[in-house]
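Each residue of the sequence shown is one higher than the one before, starting from 16 at the first, in this note's numbering.
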Amino acid sequence: MQQYRHRRVAITDRARNVLRQLIECHGAVLFHQSGGFCDGSSPMCFPVREFRVGGADVLLGYLPWHTEFWMSADQYEMWKHTHLTVDVVHGRGSSFSLEAPDDVRFLIRSRLLTDEEVATLPPPRTGADRMT
16 MQQYRHRRVA ITDRARNVLR QLIECHGAVL FHQSGGFCDG SSPMCFPVRE FRVGGADVLL
76 GYLPWHTEFW MSADQYEMWK HTHLTVDVVH GRGSSFSLEA PDDVRFLIRS RLLTDEEVAT
136 LPPPRTGADR MT
């Protein structure tokens, strides 16, 4: 598993391979986690050109190939002390995420950040920062 020290988000090798295939097929993509109903608790992968990041969305970090990982502000408030790892499992979720037709789905594995990690993290950017 690829780990970045003092970051909020990482990705497993298996998920990284799926991500690469999606980028080859669809071009640049991003992840968004809304925390809503149904698949809202799963990270959703969209083509960058087809998803509009909201002003209150929080950028947790970057995955390989400059892939941004965004989270809704409400979800971030609940998970701001959590490190997330994007993984992939077999089985189709009921989502609009790009990987769904391939009989796999992304999911999040999480752990609490240590006090040391929290102290070294920069303040997160928001979608509003992107618009300025």
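Cβ coordinates follow ideal geometry from the N, Cα and C atoms, glycine included.
Quick caveat: nothing in here was measured; it's all calculated off a predicted structure.
For the pair Gly142 and Gly42, the Cα-to-Cα distance works out to about 21 angstroms.
The three-state secondary structure of Arg107, taken from DSSP, is coil.
Assignment of Arg126 by DSSP, reduced to helix, strand and coil, places it in the strand class.
With three or more CB-CB distances shorter than 8 angstroms, the segment 94-111 counts as touching the segment 20-37.
Residue pairing from DSSP places Leu99 in a beta bridge opposite Val24, Ser125. Annotation for Glu83: the continuous beta strand (DSSP E) segment containing it runs 82-86. Contact check for Leu113 against Ser57 fails: the beta carbons are separated by 8 angstroms or more.
Around the CB of Glu131, fewer than 16 other CB atoms lie within 10 Å, so the residue is classed as exposed. A distance below 8 angstroms between beta-carbons, with the five flanking residues on each side excluded, links Gln90 to the following residues of its chain, in chain order: Gln48, Ser49, Gly50. The beta carbon of Val44 sits closer than 7 angstroms to the beta carbons of Leu37, Ile38, Cys60, Phe61, Pro62, Val63, Thr82, Leu113 from its chain, once the five residues preceding and following it are set aside; these are given in chain order. Taking the CA atoms as reference points, Glu65 sits about 12 angstroms from Phe46. Counting along the chain, the unbroken beta strand (DSSP E) around Gly76 starts and ends at 73-78. Cβ-Cβ distances below 6 angstroms link Leu34 to nothing in the same chain once the five nearest sequence neighbours on each side are left out.
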